[in-house]
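Trainee: My numbering puts the last residue of the sequence shown at 1419; the count rises by one with no breaks. My questions will all concern the structure given below.
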Amino acid sequence: MDDPLLRLPPLDPLRGFVAAAGSLSFTRAATQLCLTQSAVSRQIQSLEEALGVSLFVRGTRALSLTPEGERLYRLASVWLRDYGDLAASLRADQVRPPVTITASLGITALWLLPHLREFQARHPEIDVRLASCNRVVDLRREGVDLALRHCLDGDAPPGSVRLFGETVFPVASPALGLSELTRENLPTVALMNYDDPNFPWLAWADWLATCGLEGVRPRAVLHFNHYDQLIQAAVAGQGVAIGRAELLSDLIAAGRLQPIGANRRTLAERGYWLIGANDTPRADVACFMSWVCEAAAVTRRAAESLIGLGSGGR
């Protein structure tokens, strides 16, 4: 069988030829290809022998192309460039896309990031992209794989996974030396308020009324519009915040925050949910989802322990 492929001249020397023809220098071609000058020279010699023509005019101090060499260079340089572009495109198609997850700034800073190092240690081959924002995004439209959202249980989309609930109580740095808030010590304490009308249970007015402390003025009130910043200020000893047990269990376990008083408030109708963009996620996304559920189980147990430390609540 007379196959045209069998009659092709050797293809590997084309790289050496194109490099030398483009620079008109065997030395520069060798540097470009990480070869020796003699290796490039042998490649071009083998190509010339296969074609039966000279491709270069080899002068004493200069190198130039023959008419045959110019024709081959015009064809081969374009072909090799297109071949390289195609190869790069095919390789890019094989790159594993990162698992993209969106969550509010507070959930990201206080829960997801502290736990994420464990996932990275287990699965270094899986890249993760965090898209933190406080708005609710359309996962499919914005190319996001997963969302961690705090919402009413009835608002969670079908197929979502409830990770843990929402339990709140006052917290402060142990450096403040507070065990509870009373009518006697509240005037000496700074309270830190989360100013978001969507989260009234994280503001102090309702909590003070519940504890019978309405009408007592604290020393000062600090206002925040980002919950993670409020908690950073609490860790720094700047005042007392209303903490969320499920997000702060690690900080409490590490002794950086402590519950103040025995009252606990559980919002039974609300929780933290894991929401997927697709019913059949790809393998890396499914792996990340499994890990999130496992980490959430640890958080639930820690929060239940903190809830058990209180004697009151509603």
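By construction, the Cβ of each residue, glycine as well, lies at the ideal position given by its N, Cα and C atoms.
Classify residue 1309: buried if its beta carbon has 16 or more other beta carbons within 10 angstroms, exposed otherwise.
Mentor: Result: buried.
Trainee: Just to confirm before moving on: does the CB-CB distance between residue 1348 and residue 1357 stay below 9 Å?
Mentor: A contact, by the Cβ cut-off of 9 Å.
Trainee: What does residue 1297 pair with, by DSSP beta-bridge criteria?
Mentor: According to DSSP, which records beta bridges pairwise, residue 1297 is partnered with 1327.
Trainee: Under three-state DSSP, which class holds residue 1085?
Mentor: Residue 1085 is absent from the model: the chain starts at 1106 and stops at 1419.
Trainee: Can you give me the C-alpha to C-alpha distance between residue 1369 and residue 1196, rounded to a whole angstrom?
Mentor: So the alpha carbons of these two residues sit roughly 55 Å apart.
Trainee: Use the C-beta contact count for residue 1328: other C-beta atoms within 10 angstroms, 16 or more gives buried, fewer gives exposed.
Mentor: The residue in question, residue 1328, is exposed, as its Cβ has fewer than 16 Cβ neighbours within 10 Å.
Trainee: Under the DSSP definition of a beta bridge, which residues are partnered with residue 1269?
Mentor: Residue 1269 pairs with 1377.
Trainee: Checking the sheet assignment: what are the DSSP bridge partners for residue 1347?
Mentor: Residue 1347 pairs with 1275.
Trainee: Helix or strand or just coil, what does DSSP make of residue 1252?
Mentor: It is a strand residue.
Trainee: Taking DSSP's pairing of strands, which residues face residue 1205 in a bridge?
Mentor: Per DSSP, 1234.
Trainee: Measuring straight from C-alpha to C-alpha, what distance separates residue 1181 and residue 1212?
Mentor: Approximately 56 Å, taken between the alpha carbons.
Trainee: If we define contact as Cβ-Cβ less than 9 Å, is residue 1192 a contact residue for chain B?
Mentor: Judged by its chain identifiers, the structure shown contains no chain B, having just a single protein chain.
Trainee: Can the beta-carbon of residue 1361 be found less than 9 Å from the beta-carbon of residue 1278?
Mentor: Yes, they are a contact pair.
Trainee: Report the three-state DSSP secondary structure of residue 1162 (helix, strand or coil).
Mentor: Correct three-state label for residue 1162: strand.
Trainee: Residue 1162 and residue 1171 - do their beta-carbons sit closer together than 9 Å?
Mentor: For residue 1171 and residue 1162, yes; Cβs fall inside 9 Å.
Trainee: Spatial neighbours of residue 1377 within its chain, please: C-beta separation below 6 Å, excluding the five flanking residues on both sides.
Mentor: Taken in chain order, the residues that qualify are 1255, 1268 and 1269.
Trainee: Compute the distance between the beta-carbons of residue 1272 and residue 1234, then report whether it is under 9 Å.
Mentor: In this structure, residue 1234 does not lie closer than 9 Å to residue 1272 by Cβ.
Trainee: Near residue 1417, which residues of its chain fall below 6 Å by C-beta distance, leaving aside the five closest residues on each side in sequence?
Mentor: Any reading at residue 1417 must be qualified, since the residue scores a pLDDT of 47, below 50, and its modelled position is unreliable; the value itself is stated next. 1367 and 1368.
Trainee: Within its chain, find whatever has a CB closer than 7 Å to the CB of residue 1354; leave out the 5 residues flanking it on each side and keep chain order.
Mentor: Once the five neighbours on either side are set aside, the close Cβ partners of residue 1354 are 1404, 1407, 1408 and 1411.
Trainee: Per DSSP, residue 1169 forms a beta bridge with which residues?
Mentor: Answer by DSSP bridge pairing, in chain order: 1162.
Trainee: On the DSSP letters alone, give me the boundaries of the alpha helix (DSSP H) that residue 1399 sits inside.
Mentor: It spans 1388 to 1413 - the alpha helix (DSSP H) in which residue 1399 sits, taken as one unbroken run.
Trainee: Would you call the region 1247 to 1267 and the region 1286 to 1293 in contact, with 3 or more CB pairs under 8 Å?
Mentor: Verdict: no, contact absent.
Trainee: On the DSSP letters alone, give me the boundaries of the alpha helix (DSSP H) that residue 1321 sits inside.
Mentor: From DSSP, residue 1321 is part of no alpha helix (DSSP H); its letter is neither H nor E.
Trainee: Less than 8 Å between the CB atoms is what I'm expecting for residue 1148 and residue 1132, so what's the real figure, rounded?
Mentor: 14 Å between Cβ atoms; not a contact.
Trainee: Quick one: grab the DSSP three-state call for residue 1262.
Mentor: DSSP places residue 1262 in coil when its eight states are reduced to three.
Trainee: Could you spell out the range, first to last residue, of the alpha helix (DSSP H) harbouring residue 1157?
Mentor: Careful: residue 1157 lies outside any alpha helix (DSSP H) and carries neither H nor E.
Trainee: For residue 1129, does the three-state DSSP call read helix, strand or coil?
Mentor: Three-state DSSP puts residue 1129 in coil, outside helix and strand.
Trainee: What is the rounded straight-line gap between the Cα of residue 1232 and the Cα of residue 1202?
Mentor: The alpha-carbon atoms of residue 1232 and residue 1202 are separated by roughly 7 Å.
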